[in-house]
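Asker: Numbering (my numbering), first residue to last: 30 to 351.
Got a structure for you, questions after.
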Ligand code: NAD
């Protein structure tokens with residue numbers, strides 16, 4: 030594998046994609062972003078990137094994004110909300126699966142031979158092993174989990190078959206959090222939802238009994254793994270978990286967010302609601318594979334990552350209010 034220098038980040042106006050675009054620019058890549066701004070913000074596309082506003086479901090838009098010549102594609106454009114997928118499974122299917130097929134076809138048409146894909150821990154459904162290794166059963170229990178897995182399989186198949194050669198890697202990301210995650214979108218990112226509620230003085234809603242757990246991984250750690258993987262031959266044809274390896278209950282997360290404003294679950298306005306469809310009880314990644322292959326380990330713990338996120342969120346909420 031030769032060292033690629035130009036990168037296309039689909040979904041690069043979104044939460045994870047905009048950070049990844051920043052990291053790639055820092056590493057010397059010429060970055061193009063393809064995004065239709067469904068949930069992303071043009072303001073979050075880094076100044077140094079070329080922005081193509083377009084839809085991954087449209088092959089002509091995809092061709093425009095590849096036009097300057099692309100060495101590596103990081104495909105993050107997607108319908109990222111479990112709840113929205115239940116409401117409109119057809120739309121979720123078309124963005125996450127047809128969009129991914131279009132990106133694979135774009136790689137073939139434009140002779141790009143490196144593709145990295147944003148998969149999800151939701152492919153495991155209710156995991157049969159905790160912490161969950163990549164070899165655990167695949168049994169998604171949400172429409173979103175099904176489409177993320179279909180996209181993953183199409184990407185892995187494209188890596189195994191076809192001409193010209195396509196070197197592929199997929200990351201099953203767990204709960205990624207950090208600055209720029211939407212504070213106003215009630216459909217994705219539990220930490221950002223809680224933080225937005227608390228900073229605006231709104232009630233916080235906890236689904237189920239709050240003892241369900243998630244593996245929260247900081248966005249900067251995630252981007253480091255994506256960037257390091259590009260030039261690491263051992264990652265080709267492989268799927269990796271990307272999580273912190275620790276689980277935190279939703280109640281404990283809520284406590285940690287409230288502590289930032291000197292409140293507790295007893296003193297704050299907390300409401301409860303039934304479990305959401307497809308809710309997983311316990312989720313924690315086994316990250317030994319990526320540790321062995323890439324020498325990757327998370328560097329930012331929940332406390333440090335939360336501090337960085339709160340600092341950013343306080344400014345963002347003040348800007349939105351004023
Ligand atoms: P996000 O909603 O902030 O980012 C998704 C981006 O894709 C947005 O900028 C959106 O405008 C863009 N987009 C959506 N549909 C598009 C289309 N048809 N054409 C072009 N662009 C389109 O969400 P995120 O949290 O940054 O997620 C990024 C990717 O990572 C998604 O594919 C998501 O499924 C995956 N993922 C996220 C997490 C997480 O914890 N955030 C975990 C696992 C996987």
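Where is the CB? At the ideal position from N, CA and C, for every residue including glycine.
None of these values were measured; they are calculated from a predicted model.
Contact defined as beta carbons within less than 8 Å: I believe residue 304 pairs with residue 236. What is the distance between those atoms, to the nearest angstrom?
Answerer: As a working note, residue 304 is residue 275 in the chain shown. As a working note, residue 236 is residue 207 in the chain shown. Right, the Cβ-Cβ distance comes to about 6 Å (below 8 Å), so this counts as a contact.
Asker: Would you say residue 83 lies against chain C (beta-carbon separation less than 7 Å)?
Answerer: Protein chain content of the structure displayed is limited to a single chain, and chain C is not contained in it.
Asker: Quick check: what's the CA-CA separation for residue 284 versus residue 156?
Answerer: Within the chain shown, residue 284 is the residue found at index 255, counting from 1. Within the chain shown, residue 156 is the residue found at index 127, counting from 1. Approximately 26 Å, taken between the alpha carbons.
Asker: Residues in its own chain within less than 8 Å of residue 121 by CB, not counting five upstream and five downstream?
Answerer: Position 92 of the chain shown, counted from the start, is the residue given in the question as residue 121. Hits under 8 Å: 108, 113, 114, 172, 173, 176.
Asker: Less than 7 Å between the C-beta atoms of residue 269 and residue 309, yes or no?
Answerer: Within the chain shown, the letter at position 240 stands for residue 269. Within the chain shown, the letter at position 280 stands for residue 309. No.
Asker: May I ask you to report which of helix, strand or coil DSSP gives residue 416?
Answerer: The structure shown does not extend to residue 416, since the chain spans only 30 to 351, so no value can be given for it.
Asker: Just mark residue 53 as buried or exposed, buried being the case when its beta carbon has 16 or more other beta carbons within 10 Å.
Answerer: Residue mapping note: residue 53 aligns to position 24 of the chain shown, counting from 1. By the neighbour-count rule (16 or more Cβ atoms within 10 Å), residue 53 is buried.
Asker: Between which two residues does the alpha helix (DSSP H) carrying residue 181 extend?
Answerer: For the purposes of this step, residue 181 is taken as residue 152 along the chain shown, with counting starting at 1. Where residue 181 is concerned, the enclosing alpha helix (DSSP H) stretches over 172-189.
Asker: Is the closest heavy atom of the ligand NAD to the C-beta of residue 334 under 6 Å?
Answerer: The residue labelled residue 334 in the question sits at position 305 within the chain shown. No, Cβ of residue 334 sits at least 6 Å from all heavy atoms of the ligand NAD.
Asker: Quick one, are the C-beta atoms of residue 64 and residue 42 less than 7 Å apart?
Answerer: On the chain shown, residue 64 is found 35 positions in, with the first residue counted as 1. On the chain shown, residue 42 is found 13 positions in, with the first residue counted as 1. In this structure, residue 42 lies closer than 7 Å to residue 64 by Cβ.
Asker: Using 8 Å for Cβ pairs, my map puts residue 69 next to residue 126. What's the rounded Cβ distance?
Answerer: Taking the chain shown and counting its residues from 1, the one referred to as residue 69 is at position 40. Taking the chain shown and counting its residues from 1, the one referred to as residue 126 is at position 97. Actually they do not touch by this definition, with Cβ atoms about 20 Å apart.
Asker: Note down, in chain order, each residue of its chain lying with its Cβ closer than 7 Å to the Cβ of residue 32, except the 5 sequence neighbours on either side.
Answerer: Your numbering for residue 32 matches position 3 in the chain shown. In this prediction, residue 32 has a pLDDT of 48, which is less than 50 and means its spatial position is unreliable; what the coordinates show is noted afterwards. Excluding residues within five positions, the ones whose Cβ falls inside 7 Å are 260.
Asker: Going by Cα to Cα distance, which pick from 296, 81, 55, 105 is closest to residue 232?
Answerer: On the chain shown, residue 232 is found 203 positions in, with the first residue counted as 1. The residue with the shortest Cα to Cα distance from residue 232 is 296.
Asker: Are residue 204 and residue 245 touching if we call contact CB-CB under 7 Å?
Answerer: On the chain shown, position 175 is the one that residue 204 refers to. On the chain shown, position 216 is the one that residue 245 refers to. Their beta carbons are under 7 Å apart, which means residue 204 touches residue 245 by this criterion.
Asker: For residue 81, does the three-state DSSP call read helix, strand or coil?
Answerer: Residue numbering aside, residue 81 sits at position 52 when the chain shown is read from its first letter. If DSSP states are grouped into helix, strand and coil, residue 81 belongs with the strands.
Asker: Say yes only if the C-beta of residue 205 is nearer than 6 Å to one or more non-hydrogen atoms of the ligand NAD, and no if none qualify.
Answerer: By 1-based counting over the chain shown, the position of residue 205 is 176. Yes, Cβ of residue 205 sits closer than 6 Å to a heavy atom of the ligand NAD.
Asker: Regarding residue 301 and the ligand NAD, is the C-beta to nearest heavy atom distance less than 6 Å?
Answerer: The residue you call residue 301 lines up with position 272 of the chain shown. Checking every heavy atom of the ligand NAD against the Cβ of residue 301, none is found closer than 6 Å.
Asker: Enumerate, from N- to C-terminal direction, the unbroken alpha helix (DSSP H) stretches of 4 or more residues contained entirely within the segment 178-258.
Answerer: 219-228
Asker: How many Å lie between residue 299 and residue 238 at the Cα?
Answerer: In the chain shown, residue 299 corresponds to position 270, counting from 1. In the chain shown, residue 238 corresponds to position 209, counting from 1. Rounded to the nearest angstrom, the two C-alpha atoms are 12 Å apart.
Asker: Let me check one thing: in DSSP terms, what residues is residue 64 bridge-paired to?
Answerer: Taking the chain shown and counting its residues from 1, one reaches residue 64 at position 35. According to DSSP, which records beta bridges pairwise, residue 64 is partnered with 82.
Asker: May I have the straight-line CA-CA distance separating residue 190 from residue 135, to the nearest angstrom?
Answerer: On the chain shown, position 161 is the one that residue 190 refers to. On the chain shown, position 106 is the one that residue 135 refers to. Near 16 Å, if we compare the C-alpha coordinates of residue 135 and residue 190.
Asker: Can you check whether the CB of residue 240 is closer than 7 Å to the CB of residue 301?
Answerer: On the chain shown, residue 301 is found 272 positions in, with the first residue counted as 1. On the chain shown, residue 240 is found 211 positions in, with the first residue counted as 1. No, the Cβ-Cβ distance between residue 301 and residue 240 is not below 7 Å.
Asker: In chain order, what residues of the same chain lie with their CB nearer than 7 Å to the CB of residue 118, ignoring the 5 residues before and after it?
Answerer: Locating residue 118 in the chain shown gives position 89, counting from the first residue. Closer than 7 Å at the Cβ level, and outside the excluded window around residue 118, lie 172.
Asker: Using the Cβ count rule (16 or more neighbours within 10 Å means buried), how would you classify residue 347?
Answerer: Within the chain shown, the letter at position 318 stands for residue 347. It counts as exposed.
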